[in-house]
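Protein chains in written order, with this note's numbering: chain A, 130 to 419; chain B, 6 to 242; chain C, 1485 to 1805.
For glycine and all other residues, C-beta sits at the position ideal for the given N, C-alpha and C.
In this text the structure is predicted, and so the values were computed from the model without any measurement.
Report on the structure given below.
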Amino acid sequence: MIGVLNQVVSGIATGGIYASIALALVMIFLATHQINFAQGEIAMFSTYIALMLIQAGVPYWIAFLLTVTISFTMGMLLQRFVLEPLSNAPILASVGAFLGLLLIFNNIAGWIFGYSLKPFPTPFGAGEPMFGGMISRHEMGSTVVTLAVLVAIWAFFRFTKVGLAMRAAAYNPVSSRLVGIPVARMLALGWGLAAGIGAIAGMMVAPIVFLDPNMMAGVLLYAFAAALLGGITSPLGAVVGGVLMGVIENLAGAYVVGTELKLTTALVIIVVVLVFKPSGLFGKALASRV
Amino acid sequence: MPMLLEVKALHGAYGESKVLHGLDFVVEEGGVTTLLGANGAGKTTTLRAISGMLKTQGEILFAGKPIQGMKTEDITALGIAHVPDGRGTFMELTVEENLRLGSYTRNDKAAIAVDMARMFELFPRLKERLTQQAGTLSGGEQQMLAIARAMLLNPKLLLLDEPSFGLAPLIVREIFDILGRIVREARMSILVVEQNASLALSIADRAYLLETGRIMMSGTAADIAKDESLRRSYLGY
Amino acid sequence: MSAQSNWLRPLALLLALAVIPVVFATGFQLFQLTMVAIYALSVLGKNLVSGYGGQVSLGQGAFFAVGAYTAAVLMDQYDWPYWATLPVAAITSGLVGLMLGLPALRLGGLYLALVTFALAISVPQLLKYKAFEAWTGGVQGIVINKPEPPFDLPLSADQWTYLFTLAVVAVFFFLARNLIDSRIGRSLKAIRDHALAAEAMGIELARYKTLVFGVGALFTGIGGALSAFAVAFVSPDSFSLALSLTLFVGMVIGGAATIQGAVYGAVFIVFAPNVSEAIFKGAPGAVYGIILILFMFFAPGGFASLVRRFGAKYLRRAKPA
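Laid out in structure tokens, this is it:
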């Protein structure tokens, strides 16, 4: 029983990371109806930037903020110069562009930083596990950070004028322009946010899985499964789906299939969701009367 | 009277198919102007052209300044509020959020609050449904929401695209009564496009008759309403 | 053009492709050409799915792996001759394609891209799984023998492998040509270009889409089996996401909705690494990525559309009307 509880708690910790990436995916999907296949690689690349800064002697939290800022800018520029021009092209073209970005980030990272596994520092210390050995300090700290990020994002969209305008631009670009919202700028902002969230997730997961250019492939797969499980149109669903996926991953790893089929587990969940409940847990159809 | 909007030799097309063939018309400051015409005459397209939603040739002057080729959001920011066909409701957002979006371009918080209160006075139904998802409103309520949203921009010019479309006569009456009050009280010009000519003429000062992308006739609303033959052949009432 | 020259020209081309390399090429060059033929077939499978079927599949590498492993396991565990494994490889990869395509195709578009992407990521792990290790050899993979020329023909193994591969690939290109010109092919084009109208005309969208997905998987699976013969080795890590992305790049750069595009794409896949290594040492994949994005911007129809555009111009100049 203690074992199960252990698995659940540590599942929630990694689940928070899946939740953030899933949220970033859902944000992009709502705004552009595209799936960002490069989301993971952008996060991985950002994590290398953080490592570079830390190794250059920059204190952790300053490096953290700098990395988020750099990723944010990078995301905005990518939207402006690569994806915006393809916004009216067929699916194949936008998917092609995303895969192109994936290849570029993956290979440039390997070229600059090498393909070997690199340890990544945690700011939460390596001391004794907390709560009677239930959860490591890093897991606890990363859960708090991801939770803070999710709450901040929620508050931003819920309570600020720009957040409201971003939601409006995602749901109804035509009407948004008619109330004076610069839709293209909102999309770029959304991309910036998604890249920033990805960077934080990367920095939180790297101490656990070690940093290498392919670090995010598994995380991205779990985030995809999380987004679909929660409902690809629901930000809340992405968060719930992320936490669920973290728990499922740990329980399945410990008691069902072992860790060697982690990725296949995610694939199976994706297929099962698509077969039995394509709208996910929270992605409900909108009630509307005309 | 000074001209708020001047449209000269306006041509417009959706891709290959041309819709507007050289329109000339003006909207006077402080008045209600109406564009009448049958389905497909180019009424909606004219409004879209003014808001920069399609490529056009010719000239569009707003308060003497050319606005052609500007982005839609920048034209809106100049003070042109557009209630589009289909009402443009943000279905997924609440009624309150829809209204807040109306004042997106403004920063005068106190004045926005005053205007918001005024809208609740004009449309008490919206106040009752403030926290409801806008997609669940009835057609009439969505039309009210669209007008209120546009008014919250505090516009100099209000473009209305078929406010009566698809609504029950009673609701249409209610909406046009409110529009009448707005016209009398607010210092604002309105360009309204309508298929229901008698309704539009009842609140308009000046009218243009549009047929297949050209202006067929223009005059004061009163003169046009009086013209028996015109009424029968073009306006159908 | 007469009916005779219609099949004479491809036949002459095929003969030239068979004889010239065998006479002049070195062993390594022959191997490269063999891989060109294999990738051409695999990309063709993808072309059928994406270019003609209008479905975005990102996991074609998985079907390549199914074909390769089917062939390798049959040869290694059950001592089948290489050629006899081909039909089985075709069936297994086609069936896996149908099974995976069915749920995602119903939803279409991005969902299929997502499922196949997930598949591509999870393939190596699945191949390494210890429960299958007795057959798959786990991380080590399976070493098999190169095809030997039959009837004591005076050919090297490389030469024979090339000829055998070329023959199989030629047959499938011929089948693809006929498939596209058939009623099914025309229906597919109708579905891709006007899905609603096609449905109104009574074309059963789901059935055709699933069918073409299965056929595309089958083509790529045969490519995988042939690659197992040519390389004489299969291992989990050669069927990673990178392979699926490579096939995607090959399709886009060659030209998605053309048959000859598959050949251009395959030439790119085999020879571009050398070139991009020269341009940008250390990160050849980044060059792939940049080329991919440039094509999306400036030549979404791929190399085949460029050939057609400039070819038409040249012909007009050469033969003034």
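Chain C within 8 Å of residue i, Cβ atoms only
i                 : result
Pro214 of chain A : yes
Ile237 of chain A : yes
Ala414 of chain A : Low confidence applies to Ala414 of chain A: its pLDDT is 45, below 50, so where it sits in the model is not reliable, and the reading given next is rough at best. Output row for Ala414 of chain A: interface = no.
Ile146 of chain A : no
Phe210 of chain A : no
Cut-off 6 Å between Cβ atoms - residues of its own chain near residue i, not counting five sequence neighbours on either side
i                  : result
Leu1725 of chain C : Ala1604 and Ile1605
Ala1714 of chain C : Thr1518 and Thr1645
Met221 of chain B  : Leu214
Ile80 of chain B   : Ser56, Gly57 and Ile72
Ser223 of chain A  : Gln163 and Leu215
Leu170 of chain A  : Here residue 170 of chain A turns out to be Glu, not Leu, going by the sequence shown. Closer than 6 Å at the Cβ level, and outside the excluded window around Glu170 of chain A, lie Leu231, Phe234 and Asn235.
Same chain, Cβ closer than 7 Å to residue i, neighbours up to 5 away in sequence not counted
i                 : result
Arg418 of chain A : Confidence in Arg418 of chain A is poor, its pLDDT being 29 and thus under 50, which makes the residue's placement too unreliable to answer from.
Gly382 of chain A : Thr388 and Lys391
Pro7 of chain B   : Glu34
Within 8 Å, strictly: CB atoms of residue i and residue j
i                  : j                  : result
Ala367 of chain A  : Leu152 of chain A  : yes
Lys48 of chain B   : Val188 of chain B  : no
Val1747 of chain C : Ala1556 of chain C : no
Gly1786 of chain C : Phe1779 of chain C : yes
Thr99 of chain B   : Ala68 of chain B   : no
Gly412 of chain A  : Thr362 of chain A  : yes
Leu135 of chain B  : Leu142 of chain B  : no
Gln168 of chain A  : Gly327 of chain A  : yes
Leu228 of chain A  : Leu1584 of chain C : no
Cβ-Cβ separation, residue j to residue i (assumed contact under 8 Å), whole Å
i                  : j                  : result
Ile176 of chain B  : Gly145 of chain B  : 4 Å
Gly1745 of chain C : Ala1788 of chain C : 4 Å
Gly145 of chain A  : Val372 of chain A  : 7 Å
Val401 of chain A  : Thr394 of chain A  : The Cβ separation is near 11 Å, so there is no contact.
Ala1573 of chain C : Gly1708 of chain C : 7 Å
Backbone CA spacing between residue i and residue j [nearest angstrom]
i                  : j                  : result
Phe1635 of chain C : Met1559 of chain C : 20 Å
Val1627 of chain C : Ala1568 of chain C : 18 Å
Leu350 of chain A  : Met263 of chain A  : 26 Å
Ala1641 of chain C : Phe1515 of chain C : 10 Å
Gly1551 of chain C : Gln1539 of chain C : 21 Å
Ile85 of chain B   : Met269 of chain A  : 53 Å
Met121 of chain B  : Ala191 of chain B  : 14 Å
Arg1670 of chain C : Phe1616 of chain C : 42 Å
Gly186 of chain A  : Leu180 of chain A  : 10 Å
Leu318 of chain A  : Met295 of chain A  : 8 Å
Thr1704 of chain C : Gln1544 of chain C : 7 Å
His16 of chain B   : Gly218 of chain B  : 8 Å
Leu276 of chain A  : Phe285 of chain A  : 14 Å
Leu1498 of chain C : Ala1654 of chain C : 8 Å
Val1599 of chain C : Phe166 of chain A  : 12 Å
Ile1737 of chain C : Leu1525 of chain C : 15 Å
Ala82 of chain B   : Ala155 of chain B  : 12 Å
Asn201 of chain B  : Tyr1595 of chain C : 45 Å
Lys23 of chain B   : Lys70 of chain B   : 26 Å
Gly1700 of chain C : Thr1554 of chain C : 17 Å
Other residues of its chain near residue i: CB distance less than 8 Å, five sequence neighbours each side excluded
i                  : result
Ala414 of chain A  : Since pLDDT at Ala414 of chain A reaches only 45, below the 50 mark, its modelled position is unreliable, and the value read off the structure follows with that caveat. Cβ neighbours of Ala414 of chain A beyond the five flanking positions: Ser408.
Ile1743 of chain C : Leu1528, Asn1531, Phe1657, Ala1660, Arg1661 and Ile1664
Ala1597 of chain C : Val1540, Ser1541 and Leu1542
Trp1491 of chain C : none
Neighbour flag for residue i against chain A, beta carbons, 8 Å
i                  : result
Glu33 of chain B   : no
Phe1787 of chain C : no
Leu1528 of chain C : no
Gln1544 of chain C : no
Leu1776 of chain C : yes
Glu126 of chain B  : no
Glu97 of chain B   : yes
Leu1790 of chain C : no
Lys1612 of chain C : yes
Ala202 of chain B  : no
Pro129 of chain B  : no
Contact test: residue i Cβ vs the ligand HEM heavy atom, cutoff 7 Å
i                 : result
Gln184 of chain A : Here there are no bound small molecules, and the ligand HEM is not part of this structure.
Per-residue contacts from residue i into chain F (C-beta, under 8 Å)
i                  : result
Leu1725 of chain C : No chain F is part of this structure, whose protein chains are labelled A, B and C.
Min CB distance residue i to chain B below 8 Å
i                 : result
Ser304 of chain A : yes
Ala395 of chain A : no
Gly309 of chain A : yes
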